[in-house]
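**Student:**
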Amino acid sequence: MITQDQINTLRNTPVEAGQNIIDGIAVSSATGAALDVISPIDGTVLSTIAAGGGEDIDRAVIAARRAFDDGRWSRMAPAARGRILQRIGDAIAAEAQALAVLGVRDNGTEISMAIKAEPMSAAGTFRYYGELCDKQYGEVAPTAPGTLGMVLHAPVGVVGAIVPWNFPLMIGAWKIAPALAAGNSVVVKPSEIASLSLLRLVEICHEAGLPDGVLNVVTGTGIGAGAALGRHMDVDVLTFTGSGGVGRRLMEYAAASNLKRVYLELGGKSPLVVFDDTADLDAAAKTAVGAIFRNSGQVCIAASRIIVARNVHAEFTGRVVAYAEKMAVGDPLDLGTAAGAIASQTQMDNILSAIDLAKSEGADLRTGGTRLHADTGGFYIAPTVFDNAAQVSAVVQKEVFGPVVTVQPFDTEEEAVALANGTDYGLSAGVFTRDISRAHRMVESLRAGVVHVNTYGGADNTVPLGGVGQSGNGHDKSPHGMDKFRDLKTAWIQL
Ligand code: NAD
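Here numbering that gives the first Met the number 0 is used: the first residue of the sequence shown is 0, the next is one more, and so on.
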């Protein structure tokens, strides 16, 4: 899908300063201020983005509202909307290599993962919702004779979308594509740590025929542009992926402004439960290592807690440590790299602090725990395994969002479930077992939005992703991914 030669050609191309796109026009921030974009590969300045704020968000929301109200998109025939969304998907796929390399230079994800998880995934999401556009029906209610009750889907209006830095294209598409498919206008605010590829995606949308004003992008900090979007009086729905702390702020902003609906896809502390009847312990260990260490652990569903049957605990942990030590961590633009950079210096420092805390809490550091390749100026951390971590410890309870996994042994299935469910989170979980009845019992008992059985990750557009507990609410992907972006509207007619 991408060759090392293609990567090498693209990796040093100059990156133009990023601008906001409002009403189809690329513009600087209202104040003219810009932010440096630091590449985590080597710590150098890659480019700049507009430091958007309240005025920029206001202009973008006004453009989005105008586009919604005049019907240029909201009243376009669904099949015609669908064709444009599918063209966008094709255009993203046609530019996949350049988009992937740009994104990797911005956020440090290893290219082998980024090419699939970013442009190709985003292309698939636009195609999926493009196809779905004219395949959604309303209902006729079973009312009394002489009356007609129709249940219709109405777009909500203006959708604000705030996305994180780990997968800006994939997560951006999970929000933008279904919101557009439902007929809304959108204002998207990417993370200040990784905006560049999403800015290009918005340009591609316009080149593929999306009318001006329907999709607007404003870059900037969370406290600047993000908070302004959260507080805006004319945003109807806010969809967010990011940390729990910011999710809380967004609910406060909604309460203090116009009571906009807020959908949160937050963090996780996802468990991977390994039973002693697992068919292939070595394959499970390999999967467990990929499940936490790909993208250096900066994956919302990363399986950061291994919970393993005591009689295979030593053997399984040994295999995990061995595979972790074999992982190639380094230049994310090398196709042979298995885990790339940490997205920012701040995030790297946070992860190293979490590792220090885990050591002081008494967990056994089996491997890793240190910064790597500091001489490059980039941000890299060795895959880190803590054995025998206590359930109450911070490293078990708090999301690290880095390459850190804990191991805890269990004696009974009930104990495994109690350990797995014993955090505030509930995004994802995994189970390895050969016993089909046990697999079903675990799917039922694990408190998580998604439970993987004898695998981890890999779910496609056809299934929803969303958390329970403090992992959030609402769902991205699948036909349910449109529910956030449309209202049920009833027509009651006397015949
Ligand atoms: P973050 O919460 O720091 O930032 C996310 C976005 O919110 C960014 O665009 C940021 O600028 C913005 N923001 C920050 N402060 C804000 C404020 N006061 N008001 C409005 N917006 C604000 O998250 P991050 O560090 O970019 O991403 C990592 C987090 O995202 C982790 O917790 C991870 O688990 C979570 N995540 C969840 C999923 C999921 O699907 N559940 C997917 C990916 C990442």
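Cβ coordinates follow ideal geometry from the N, Cα and C atoms, glycine included.
Just list the residues that DSSP pairs Asp486 with in beta bridges.
**Tutor:** Counting from 1 along the sequence shown, the entry for residue 486 is found at position 487. Ala153.
**Student:** Could you check what DSSP says for Ile291 in three-state terms: helix, strand or coil?
**Tutor:** One-based indexing of the sequence shown puts residue 291 at position 292. Note: Ile291 maps to helix in three-state DSSP.
**Student:** Is it buried or exposed for Gly480, if we count other Cβ within 10 angstroms and need 16 for buried?
**Tutor:** Counted from its first residue, the sequence shown places residue 480 at position 481. So Gly480 ends up on the buried side.
**Student:** According to the Cβ coordinates, are Ala140 and Val150 closer than 8 Å?
**Tutor:** As a position in the sequence shown, residue 140 is number 141, starting the count at 1. As a position in the sequence shown, residue 150 is number 151, starting the count at 1. Yes, these two residues count as a Cβ contact at 8 Å.
**Student:** Can you tell me whether Leu426 sits near ligand 1, meaning its C-beta is under 7 Å from at least one heavy atom of the ligand?
**Tutor:** Against the sequence shown, residue 426 aligns to sequence position 427. Checking the Cβ of Leu426 against ligand 1 gives yes.
**Student:** Taking 8 Å as the CB-CB cut-off, is Leu271 touching chain C?
**Tutor:** The structure shown contains no chain C; it is built from a single protein chain.
**Student:** Could you give the distance in angstroms between the alpha-carbon of Gly156 and the alpha-carbon of Ala143?
**Tutor:** Here residue 156 corresponds to residue number 157 of the sequence shown, with the count starting at 1. Here residue 143 corresponds to residue number 144 of the sequence shown, with the count starting at 1. About 32 Å.
**Student:** Between Phe378 and Gln344, is the Cβ-Cβ spacing less than 8 Å?
**Tutor:** Along the sequence shown, one-based indexing puts residue 378 at 379. Along the sequence shown, one-based indexing puts residue 344 at 345. Yes, Cβ-Cβ distance for Phe378 and Gln344 is below 8 Å.
**Student:** Report the rounded CA-to-CA distance for Thr432 versus Val391, giving the unit in angstroms.
**Tutor:** Taking the sequence shown and counting its residues from 1, one reaches residue 432 at position 433. Taking the sequence shown and counting its residues from 1, one reaches residue 391 at position 392. Those two C-alpha atoms are separated by around 26 Å.
**Student:** Of the residues Pro189, His152, Gly182 and Ala59, which one's Cα is nearest the Cα of Pro163?
**Tutor:** Numbered from its first residue, the sequence shown carries residue 163 at position 164. That would be Pro189, whose Cα lies nearest to the Cα of Pro163.
**Student:** Based on DSSP bridge pairs, tell me the residues matched to Asp459.
**Tutor:** Taking the first residue of the sequence shown as 1, we reach residue 459 at position 460. According to DSSP, which records beta bridges pairwise, Asp459 is partnered with nothing at all.
**Student:** Grab me the residues of Gln85's own chain with a C-beta within less than 6 Å of its C-beta, minus the 5 sequence neighbours each way, in chain order.
**Tutor:** Residue mapping note: residue 85 aligns to position 86 of the sequence shown, counting from 1. Hits under 6 Å: Arg126 and Gly129.
**Student:** Do the CB positions of Ala63 and Val245 come within less than 8 Å of each other?
**Tutor:** One-based indexing of the sequence shown puts residue 63 at position 64. One-based indexing of the sequence shown puts residue 245 at position 246. For Ala63 and Val245, no; Cβs fall outside 8 Å.
**Student:** Could you spell out where the alpha helix (DSSP H) holding Lys476 opens and where it closes?
**Tutor:** Against the sequence shown, residue 476 aligns to sequence position 477. Here Lys476 belongs to no alpha helix (DSSP H), and DSSP marks it neither H nor E.
**Student:** Give a single yes or no on whether Thr238 has its beta carbon closer than 7 Å to a heavy atom of ligand 3.
**Tutor:** Absence of ligand 3 is noted for the structure shown, with ligand 1 being the only ligands found.
**Student:** My assumption, with CB atoms under 8 Å, is that Tyr424 sits in contact with Gly267. Please give the rounded CB distance.
**Tutor:** Stepping through the sequence shown from its first residue, residue 424 is reached at position 425. Stepping through the sequence shown from its first residue, residue 267 is reached at position 268. Rounded, the Cβ-Cβ distance is 5 Å, consistent with contact.
**Student:** Check each candidate in Val311, Ala353 and Ser28 and name the one with the smallest Cα separation from Asp57.
**Tutor:** To locate residue 57, count along the sequence shown from 1; it is residue 58. The shortest C-alpha separation from Asp57 is found at Ser28.
**Student:** Tell me whether Pro167 is buried or exposed, calling it buried when 16 or more other Cβ atoms sit within 10 Å of its Cβ.
**Tutor:** The count along the sequence shown starts at 1 and reaches residue 167 at position 168. With 16 or more Cβ atoms within 10 Å of its Cβ, Pro167 is classed as buried.
**Student:** Identify the residues that DSSP records as bridge partners of Tyr379: which are they?
**Tutor:** Along the sequence shown, read from residue 1 onward, the residue named residue 379 stands at position 380. Leu371, per the DSSP bridge assignment.
**Student:** Could you tell me whether the segment 189 to 204 touches the segment 3 to 11, using the rule of 3 or more Cβ pairs below 8 Å?
**Tutor:** Short answer: they don't touch.
**Student:** DSSP three-state label for Asp35, please.
**Tutor:** On the sequence shown, residue 35 is found 36 positions in, with the first residue counted as 1. Strand at Asp35.
**Student:** Kindly list the residues whose CB is nearer than 8 Å to the CB of Ala253, restricted to its own chain and excluding five residues on each side of it in sequence; keep chain order.
**Tutor:** Stepping through the sequence shown from its first residue, residue 253 is reached at position 254. If we look at Ala253 and ignore the five residues flanking it on each side, its Cβ neighbours are Gly229, Leu237, Lys259, Arg260 and Val261.
**Student:** Tell me the DSSP secondary structure of Trp491 in three-state form.
**Tutor:** Your numbering for residue 491 matches position 492 in the sequence shown. Trp491: strand per DSSP, three-state reduction.
**Student:** Where does Arg74 sit, in a helix, a strand or coil, going by DSSP?
**Tutor:** Stepping through the sequence shown from its first residue, residue 74 is reached at position 75. Coil.
**Student:** According to DSSP, simplified to helix, strand and coil, what is Asn11?
**Tutor:** Walking along the sequence shown from the start, residue 11 turns up at place 12. Coil.
**Student:** What is the residue span of the beta strand (DSSP E) that Arg304 lies within?
**Tutor:** In the sequence shown, the residue the question calls residue 304 occupies position 305. Note, Arg304: beta strand (DSSP E), Arg304 to Ala308.
**Student:** Please find out if some non-hydrogen atom of ligand 1 comes closer than 7 Å to the beta-carbon of Ala226.
**Tutor:** The residue given as residue 226 occupies position 227 in the sequence shown. Indeed, a heavy atom of ligand 1 lies less than 7 Å from the Cβ.
**Student:** Would you kindly work out how many angstroms separate the C-alpha atoms of Leu195 and Val217, rounded to a whole number?
**Tutor:** The residue given as residue 195 occupies position 196 in the sequence shown. The residue given as residue 217 occupies position 218 in the sequence shown. Whole-angstrom Cα-Cα distance: 12 Å.
**Student:** Can you give me the start and stop residues for the beta strand (DSSP E) that Gln396 sits inside?
**Tutor:** Residue mapping note: residue 396 aligns to position 397 of the sequence shown, counting from 1. Counting along the chain, Gln396 falls outside any beta strand (DSSP E), though it belongs to the alpha helix (DSSP H) covering Ala393 to Gln396.
**Student:** At which residues does the alpha helix (DSSP H) containing Lys174 begin and terminate?
**Tutor:** For this step, residue 174 is matched to residue 175 along the sequence shown. Element bounds for Lys174: Pro167 to Ala180.
**Student:** Heavy atom of ligand 1 less than 7 Å from the Cβ of Ile170, yes or no?
**Tutor:** As a first step, residue 170 is located in the sequence shown; it is residue number 171 there, counting from the start. Checking the Cβ of Ile170 against ligand 1 gives yes.
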